[in-house]
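In what follows, a single structure is set out as structure tokens and then discussed.
Numbering (this note's numbering), first residue to last: 75 to 498.
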């Protein structure tokens with residue numbers, strides 16, 4: 075069974091253009107053409123645990139970005155094809171595509187409409203999409219499209235009500251990997267009873283469908299998620315929260331249905347313009363229809379610090395439960411623990427250094443465990459106003475109970491780019 079890419083992205087572009095052709099008073103355009111050329115050495119392009127294949131990969135990426143800014147409207151469009159050549163494994167030669175759209179329209183004093191959409195096509199086995207941790211062991215191309223539309227109404231200084239729809243679509247050239255679509259209408263409201271006390275309510279319905287060209291795809295499912303959170307502000311810089319979230323999944327086939335109950339406590343504080351803290355801790359129970367229940371703790375931590383004028387740092391981590399259905403690896407429900415850090419330092423006015431790393435441990439309902447370690451370090455140098463060059467080393471390693479899913483990967487990439495902002 076095959077399905078076309080949803081028309082959501084095209085609807086988004088159409089609506090954005092129609093609205094913004096009505097008037098151009100008090101507006102300006104930002105047009106930014108750019109190009110990047112990179113050379114990458116990859117010592118394990120198929121992420122094979124035993125028989126690594128290395129290659130040199132050349133990439134040329136022209137990019138155009140157009141933004142229209144008006145008093146009550148902002149539209150940003152960007153598109154970048156990447157022409158990719160492999161020195162030895164030239165059967166993998168391809169063209170990647172990345173396109174993004176952001177549209178915001180103030181419809182009145184209190185009503186606002188927002189649209190976002192992202193599309194990309196790639197053959198890279200490690201996806202860069204946030205929250206996607208599954209990997210591939212081939213260089214077959216895949217397409218991913220994600221979008222969201224929302225209508226929000228402000229009925230007080232900090233009170234908001236929103237209705238929206240989000241979708242995510244995945245299509246793989248590999249016939250043995252699931253294609254799929256997740257669709258989720260949602261609603262949420264934040265209401266402050268007074269300056270110090272507020273309530274946040276949220277609801278989301280999810281419908282997920284899966285298919286593949288060869289073999290049997292994973293089970294479709296529907297689900298609900300509802301949450302209630304009490305908010306309390308200790309002045310303008312400190313906010314605490316206490317909440318409960320209910321989630322359920324109802325599968326069409328033999329996959330076991332389950333419900334998740336989670337309570338959480340949150341703390342946010344802005345110590346200064348250069349230091350902020352966000353902390354969340356909680357406890358969850360997965361109530362399975364047949365098998366024994368799963369339970370565990372959850373956490374979310376982020377510390378952002380700017381040291382002086384030239385150094386910035388982010389340290390954090392997250393853990394709890396996770397779902398992976400619309401990925402190359404369908405792992406379903408799992409528990410995880412993770413930590414990460416990133417530091418960037420401007421050494422000279424045109425030269426900056428950055429490095430970061432992350433560690434994550436996952437465990438699924440069968441007891442299978444896998445550990446993923448990633449890190450990178452790089453230099454960026456700006457010159458002649460519109461030009462820049464970068465050198466980066468990246469490391470990735472997975473240690474899995476299933477040995478065939480282990481891998482170690484080292485990459486070195488050198489990039490030269492040029493861009494120029496044109497405004498009228």
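Each residue gets a CB set at the ideal place from its N, CA and C atoms; glycine is no exception.
Here the structure is a predicted model, which is why all the values come from computation and not from measurement.
Worksheet item: In angstroms, rounded to a whole number, what distance separates the CA positions of residue 238 and residue 124?
Response: In the chain shown, residue 238 corresponds to position 164, counting from 1. In the chain shown, residue 124 corresponds to position 50, counting from 1. Going from the Cα of residue 238 to the Cα of residue 124 covers about 47 Å.
Discussion item. I'd like to check one pair, residue 132 with residue 150: are the Cβ atoms closer than 7 Å?
Written reply: Along the chain shown, read from residue 1 onward, the residue named residue 150 stands at position 76. Along the chain shown, read from residue 1 onward, the residue named residue 132 stands at position 58. Against a cut-off of 7 Å, the Cβ pair of residue 132 and residue 150 comes out as no contact.
Worksheet entry | Where residue 414 falls: helix, strand or coil (DSSP) | Reading the chain shown from its first residue, position 340 is the one you call residue 414. Residue 414 sits in a strand when the DSSP states are folded into three classes.
Worksheet item: Which one or two residues does DSSP pair with residue 285 in a beta bridge?
Response: Indexing the chain shown from 1 puts residue 285 at position 211. Answer is 253, bridged to residue 285.
Worksheet item: Does DSSP classify residue 95 as helix, strand or coil?
Response: Translated into the one-based positions of the chain shown, residue 95 becomes position 21. Low confidence applies here, because residue 95 scores a pLDDT of 47, under 50, leaving its location unreliable; read the following figure in that light. Coil, per DSSP.
Item to complete: Compute the distance between the beta-carbons of residue 253 and residue 214, then report whether it is under 7 Å.
Response: Residue mapping note: residue 253 aligns to position 179 of the chain shown, counting from 1. Residue mapping note: residue 214 aligns to position 140 of the chain shown, counting from 1. Contact flag unset, no.
Worksheet item: Apart from the five residues on each side of it in sequence, which residues of its chain come closer than 6 Å, Cβ to Cβ, to residue 487?
Response: Working through the chain shown from its first residue, we reach residue 487 at position 413. Contacts found: 112, 114 and 466.
Worksheet entry | Rounded separation between residue 485 and residue 161 - CA only | Reading the chain shown from its first residue, position 411 is the one you call residue 485. Reading the chain shown from its first residue, position 87 is the one you call residue 161. Taking the straight line from one Cα to the other gives about 15 Å.
Discussion item. Whole angstroms are fine: how far does the CA of residue 108 sit from the CA of residue 412?
Written reply: In the chain shown, counting from the first residue as 1, residue 412 sits at position 338. In the chain shown, counting from the first residue as 1, residue 108 sits at position 34. When the Cα atoms are used, residue 412 and residue 108 turn out to be separated by approximately 36 Å.
Fill in: C-alpha distance - residue 198 paired with residue 134, whole-angstrom precision
Taking the first residue of the chain shown as position 1, residue 198 is located at position 124. Taking the first residue of the chain shown as position 1, residue 134 is located at position 60. For residue 198 and residue 134, the distance between alpha carbons rounds to 15 Å.
Discussion item. Assuming the contact rule is C-beta atoms closer than 8 Å, residue 419 and residue 385 should be a hit. Round their C-beta distance to whole Å, please.
Written reply: Indexing the chain shown from 1 puts residue 419 at position 345. Indexing the chain shown from 1 puts residue 385 at position 311. Their Cβ separation, rounded to whole angstroms, is 5 Å, which keeps residue 419 and residue 385 in contact under 8 Å.
Worksheet item: residue 326: buried (16+ other C-beta within 10 angstroms of its C-beta) or exposed?
Response: Counting from one through the chain shown, the residue named residue 326 turns up at place 252. Under this definition residue 326 is an exposed residue.
Discussion item. Less than 7 Å between the C-beta atoms of residue 449 and residue 469, yes or no?
Written reply: Mapped onto the chain shown, residue 449 falls at position 375. Mapped onto the chain shown, residue 469 falls at position 395. Yes; because the gap between Cβ atoms is below 7 Å, this pair is in contact.
Worksheet entry | residue 206 and residue 403 closer than 7 Å at C-beta | Walking along the chain shown from the start, residue 206 turns up at place 132. Walking along the chain shown from the start, residue 403 turns up at place 329. Cβ atoms of residue 206 and residue 403: not closer than 7 Å.
Practice prompt. Go ahead and pull the three-state DSSP assignment for residue 478.
Written response: As a working mapping, residue 478 is identified with position 404 in the chain shown. In the structure shown, residue 478 sits in a helix (DSSP, three-state: H, G or I).
Worksheet item: Just to confirm, are residue 416 and residue 388 a CB contact at a threshold of 7 Å?
Response: As a position in the chain shown, residue 416 is number 342, starting the count at 1. As a position in the chain shown, residue 388 is number 314, starting the count at 1. By the CB criterion at 7 Å, residue 416 and residue 388 fall inside the cutoff.
Fill in: Collapsed DSSP secondary structure at residue 298 in the structure displayed
Indexing the chain shown from 1 puts residue 298 at position 224. It is a strand residue.
Item to complete: Decide if residue 119 is buried, meaning its Cβ has at least 16 other Cβ atoms within 10 Å, or exposed.
Response: To locate residue 119, count along the chain shown from 1; it is residue 45. So residue 119 counts as buried.
Worksheet item: Mind checking residue 76: buried by the 16 CB within 10 Å criterion, or exposed?
Response: Residue numbering aside, residue 76 sits at position 2 when the chain shown is read from its first letter. Here residue 76 scores only 45 on pLDDT, less than 50, and its place in the model should not be relied on; the value that follows carries that caveat. Flag for residue 76 reads exposed.
Discussion item. Checking the sheet assignment: what are the DSSP bridge partners for residue 156?
Written reply: Here residue 156 refers to the residue found at position 82 of the chain shown. Partner(s): 170.
Worksheet item: Looking at the structure shown, is residue 326 part of a helix, part of a strand, or coil, going by DSSP?
Response: Along the chain shown, read from residue 1 onward, the residue named residue 326 stands at position 252. Note: residue 326 maps to coil in three-state DSSP.
Practice prompt. Give a yes or no on contact between the stretch 369-383 and the stretch 263-273, applying the rule of three or more CB pairs nearer than 8 Å.
Written response: no
Discussion item. Taking a contact to mean a Cβ-Cβ separation below 7 Å, would you say residue 227 touches residue 184 in this structure?
Written reply: Taking the first residue of the chain shown as 1, we reach residue 227 at position 153. Taking the first residue of the chain shown as 1, we reach residue 184 at position 110. Going by C-beta atoms, residue 227 is nearer than 7 Å to residue 184.
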